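Reading through the structure tokens given below for one structure.
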Amino acid sequence: RDRVMVDKIVVSSHFEIENFTKNYGYPESDLIPSGMPRYDYTDTAKEPQNKILYAPSWRDKLIGKYIHRERKLYDGILTNSNYYKGIVAFLTNPKLLESLEKNDVVLEFKPHPNFRGYAHLFDSFLNERIRLAEPNVQLEDYKLFITDFSSFNFDFLYLRDSDPSRSSSYIYLR
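My numbering puts the first residue of the sequence shown at 533, with every later residue one more than the last.
Following this line, the structure appears as structure tokens:
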């Protein structure tokens, strides 16, 4: 606090309030709790559909640097990576496909926004049960998340905390 010249800090969670007051010495009166704006329109009473969201994160070494609001794509580097091969192995796993069919579930694959330009490399693995997710998914539509997106971690916890009876599950990948 003694090195930053600010009047107020906008915070979105109880964790941030506690962090700023206990670890950084800010009085609570310096904090403006705003909540998470993306939750303003979340329908936590909505029953999830028979859908799974598979949203792996991205890897810096598989895409060009961010220059002029764009990243250069390197299809060959991505398709030769263990990252890509692991995703393909998952999406084409016969047990996964059998389970999706048996349980009448759709898996929606959502590449990280930085990798959205690579979506065409997964087209041949898409089918009736495995689809490409829309860029702006409604997380309350899903019964299961498989992800390592930190924002999805917070979203899942929010959905569970707002309605503990909610029938969603979550798998965090490392």
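Beta carbons: idealized from backbone N, C-alpha and C, even for Gly. Remember, it's a predicted structure, so these values are computed and weren't measured experimentally.
task = Please classify Ile564: is it buried, with 16 or more other beta-carbons within 10 angstroms of its beta-carbon, or exposed?
result = exposed
query = How far does the alpha helix (DSSP H) with Val620 in it reach, from first residue to last?
reply = Asn614 to Leu623
query = For Glu640, which of helix, strand or coil comes out of DSSP?
reply = strand
task = Determine contact between the segment 576 to 583 and the segment 666 to 674, defined as no fewer than three beta-carbon pairs at a distance below 8 Å.
result = yes
ask   = How would you label Thr624, buried or exposed, when you count the other beta carbons within 10 angstroms and need 16 or more for buried?
value = exposed
ask   = If you count every other CB in all the chains shown that lies within 10 Å of the CB of Lys642, and 16 or more means buried, which is it?
value = buried
request  = In the DSSP assignment, find the alpha helix (DSSP H) that holds Glu548 and state where it starts and stops.
outcome  = His546 to Glu550
key: Rounded Cβ spacing between Trp590 and Asn668 (contact assumed at less than 8 Å)   = That belief does not hold up - the Cβ atoms of Trp590 and Asn668 are roughly 17 Å apart, past 8 Å.
key: Run of the beta strand (DSSP E) containing Leu664, from where it starts to where it stops   = Ile662 to Leu664
message = For Val637 and Asp680, what's the separation of their Cα atoms in angstroms?
response = 21 Å
Inter-residue CB distance, Glu633 and Tyr586 (contact presumed, cutoff 8 Å) = Contact doesn't hold; Cβ gap of about 16 Å is too wide.
key: Outcome for Tyr650 when other beta-carbon atoms lying within 10 angstroms are tallied against a minimum of 16   = buried
request  = Output the distance between the C-alpha atoms of Thr611 and Lys627, rounded to the nearest integer angstrom.
outcome  = 23 Å
inquiry  = Judging by CA-CA distance, which residue of Glu550, Phe657 and Ser561 is the nearest neighbour of Val538?
reply    = Ser561
message = Can you look up Ala577 in the DSSP assignment and give me helix, strand or coil?
response = coil
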